[in-house]
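**Q** Just so we're aligned, residue 2 is where the sequence shown starts under the numbering used here, counting upward by one. Backbone N, C-alpha and C define an ideal beta-carbon position, used for all residues, glycine too. Please read all numbers here as calculations on a predicted model, not as lab measurements.
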Amino acid sequence: MNLGYKHYQGVDSYPLDWELSYAYYSNIATKTPLDQHTLQGDQAYVETIRLKDDETLKVQTKEDGDVFMWLKHEATRGNAAAQQRLAQMLFWGQQGVAKNPEAAIEWYAKGALETEDPALIYDYAIVLFKGQGVKKNRRLALELMKKAASKGLHQAVNGLGWYYHKFRKNYAKAAKYWLKAEEMGNPDASYNLGVLYLDGIFPGVPGRNLTLAGEYFHKAAQGGHIEGTLWCSLYYITGNLETFPRDPEKAVVWAKHVAEKNGYLGHVIRKGLNAYLEGLWHEALLYYVLAAETGIEVSQTNLAHICEERPGFFNLALLIEEGAAVSHHILEFLEIDPSLHPSNASILRELYERCWSLSNEESLSPCALAWLYLHLRLLWSAVLHSALIYFLGTFLLSVVIAWMVLYFQCVSGEETWETRDSNTLELKRPQGSI
Numbered sequence: 002m003n004l005g006y007k008h009y010q011g012v013d014s015y016p017l018d019w020e021l022s023y024a025y026y027s028n029i030a031t032k033t034p035l036d037q038h039t040l041q042g043d044q045a046y047v048e049t050i051r052l053k054d055d056e057t058l059k060v061q062t063k064e065d066g067d068v069f070m071w072l073k074h075e076a077t078r079g080n081a082a083a084q085q086r087l088a089q090m091l092f093w094g095q096q097g098v099a100k101n102p103e104a105a106i107e108w109y110a111k112g113a114l115e116t117e118d119p120a121l122i123y124d125y126a127i128v129l130f131k132g133q134g135v136k137k138n139r140r141l142a143l144e145l146m147k148k149a150a151s152k153g154l155h156q157a158v159n160g161l162g163w164y165y166h167k168f169r170k171n172y173a174k175a176a177k178y179w180l181k182a183e184e185m186g187n188p189d190a191s192y193n194l195g196v197l198y199l200d201g202i203f204p205g206v207p208g209r210n211l212t213l214a215g216e217y218f219h220k221a222a223q224g225g226h227i228e229g230t231l232w233c234s235l236y237y238i239t240g241n242l243e244t245f246p247r248d249p250e251k252a253v254v255w256a257k258h259v260a261e262k263n264g265y266l267g268h269v270i271r272k273g274l275n276a277y278l279e280g281l282w283h284e285a286l287l288y289y290v291l292a293a294e295t296g297i298e299v300s301q302t303n304l305a306h307i308c309e310e311r312p313g314f315f316n317l318a319l320l321i322e323e324g325a326a327v328s329h330h331i332l333e334f335l336e337i338d339p340s341l342h343p344s345n346a347s348i349l350r351e352l353y354e355r356c357w358s359l360s361n362e363e364s365l366s367p368c369a370l371a372w373l374y375l376h377l378r379l380l381w382s383a384v385l386h387s388a389l390i391y392f393l394g395t396f397l398l399s400v401v402i403a404w405m406v407l408y409f410q411c412v413s414g415e416e417t418w419e420t421r422d423s424n425t426l427e428l429k430r431p432q433g434s435i
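Below, the structure is given as structure tokens:
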């Protein structure tokens, strides 16, 4: 994805090449729906959470967090909405909760069998149909799906069409349910109708109809359907359909949209958010740099937000000191012109100066010391060309700086103890006068 983004934007000396960018993005995009249905692995639901959004940050939780514990309490009491939200968080790994399909299925089952909530009934029916973390039970699944559909849930109506298509091969009945679900606004149904036209099995229509298939895929994509979006990106890159004239840039946009929903990428973004919430700025910065390199806008925005704070500038400078490469577009987000700062030393100087300017400390802050040390190193490297002399000089300079820091600490400590002794004597004077 990093290379896909660079060729999409034409940054960091990479040529603008939408066809090549599409190749990189589509490779990840085609794996995304498969990864989402894989219960194992370090994945998390990709959520658009901005660090400036205080209200959203407040509801982020963990298994021992207040929000999760409250939902669990309400779910245990039989609250259907709490049961559904808890199950979704555990099944997909949402809102900071680690992915735990086994625990999620228990809540799906409890809600479906104990309440009349159609959404919970539908979710548990899907789990039983697919055998996701539980033994398949097609009979009970069909019974639950019909029950949810009878309550007017459009997902369940689409689910009945899926059942007759997959298990009964009754395409007429499948099309009937899908047409009904589509009228109710279900994007999955639009995609499924497109598949019938693509495969040439739509009832009463001889042969394949790629034009109608493309129209249904486009409608599904507009509703957020991942596979529908993938088909649209393919049509735009090839230009094989009249309704989809060749447009490589648009193909990249659609493929990029799907690739950015990959659960493994979501796991990296979530780790960055968790580190930020725990006050681990250096770790949060690292994860957001990794995610921002893929071109995800929310990660780039959050990275810029972190760097606007004093610890952010300092930690970004530390990453550069450790050898990490920071792309030009990230520097541009921070309003650091790469043409004016062509070297790491120049970038470090700018970062440390910004960090120092944001410091409220009257004494020397870590940013000021880092800035001073950087300038001294640059001075030594300019004066001392011999590697051996440079090493010895730098070593002696480090010793002098360390001695000065210890000296001032000792002086400060002596002044503090003298003050304390004076206070102690003053407190004891009344006792001596008695």
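For the alpha helix (DSSP H) containing H306, list its first residue and its last residue.
**A** Run containing H306: 298-308, per the alpha helix (DSSP H) assignment.
**Q** As a quick exercise: from M70, E322, G215, K220, pick the residue whose alpha carbon is nearest that of N187.
**A** Comparing Cα positions, the closest option is K220.
**Q** Of the residues E351, M70, R271, I29, which one's Cα is nearest the Cα of S300?
**A** For S300, the nearest C-alpha among the options comes from R271.
**Q** Whole angstroms are fine: how far does the CA of A175 sit from the CA of V206?
**A** Distance between the alpha carbons of V206 and A175 is about 15 Å.
**Q** Count the other CB atoms within 10 Å of the CB of E103; is the residue buried (16 or more) or exposed (fewer)?
**A** Classification for E103: exposed.
**Q** DSSP state of L1, grouped into three classes?
**A** Because the chain spans 2 through 435 in this model, residue 1 falls outside it and cannot be assessed.
**Q** Going by other Cβ atoms of all chains shown within 10 Å of its Cβ, with 16 needed for buried, is P69 buried or exposed?
**A** Here residue 69 is Phe; the residue named in the question, Pro, does not match the sequence. F69 comes out buried.
**Q** Once the 5 residues before and after G79 are set aside, which same chain residues still bring their CB inside 6 Å of it?
**A** No residues qualify anywhere along the chain.
**Q** Who are the Cβ neighbours of Y6 in its own chain at under 7 Å, not counting the five residues just before and after it?
**A** Contacts found: T295, G296.
**Q** Have a look at T33 and Q10 and give me their C-alpha separation to the nearest angstrom.
**A** Between T33 and Q10, the C-alpha separation is close to 22 Å.
**Q** Considering only their Cβ atoms, is the gap separating V259 from L231 smaller than 8 Å?
**A** Their beta carbons are under 8 Å apart, which means L231 touches V259 by this criterion.
**Q** Residues in its own chain within less than 6 Å of G229 by CB, not counting five upstream and five downstream?
**A** If we look at G229 and ignore the five residues flanking it on each side, its Cβ neighbours are Y192, F218, A221, A222.
**Q** Counting beta carbon pairs with one atom in the stretch 113-120 and one in the stretch 131-140, are three or more of them shorter than 8 Å?
**A** No: the two stretches stay apart, fewer than three of their Cβ pairs being nearer than 8 Å.
**Q** Name the one or two DSSP bridge partners that L242 has.
**A** Answer is F245.
**Q** Over the uninterrupted alpha helix (DSSP H) stretch that includes S344, give me the two end residues.
**A** Premise fails: S344 is in no alpha helix (DSSP H) and is neither H nor E.
**Q** Looking at C-alpha atoms only, which residue of L266, L17, A24 is the closest neighbour of W255?
**A** Among L266, L17, A24, the Cα nearest to that of W255 belongs to A24.
**Q** How is the alpha helix (DSSP H) around M90 delimited, first residue to last?
**A** Per DSSP, M90 belongs to the alpha helix (DSSP H) from 81-93.
**Q** Can you give the Cα-Cα distance for K170 and L317, rounded to whole angstroms?
**A** Each residue's Cα considered, the two are about 58 Å apart.
**Q** With G208 and G201 assumed to form a contact (beta carbons below 8 Å), what rounded beta-carbon distance in angstroms separates them?
**A** Between G201 and G208 the Cβ distance is about 5 Å, and since that is below 8 Å, they are a contact.
**Q** Let me know the secondary structure DSSP gives S1 once reduced to three states.
**A** The requested residue 1 is not part of the displayed model; the chain covers only 2 to 435.
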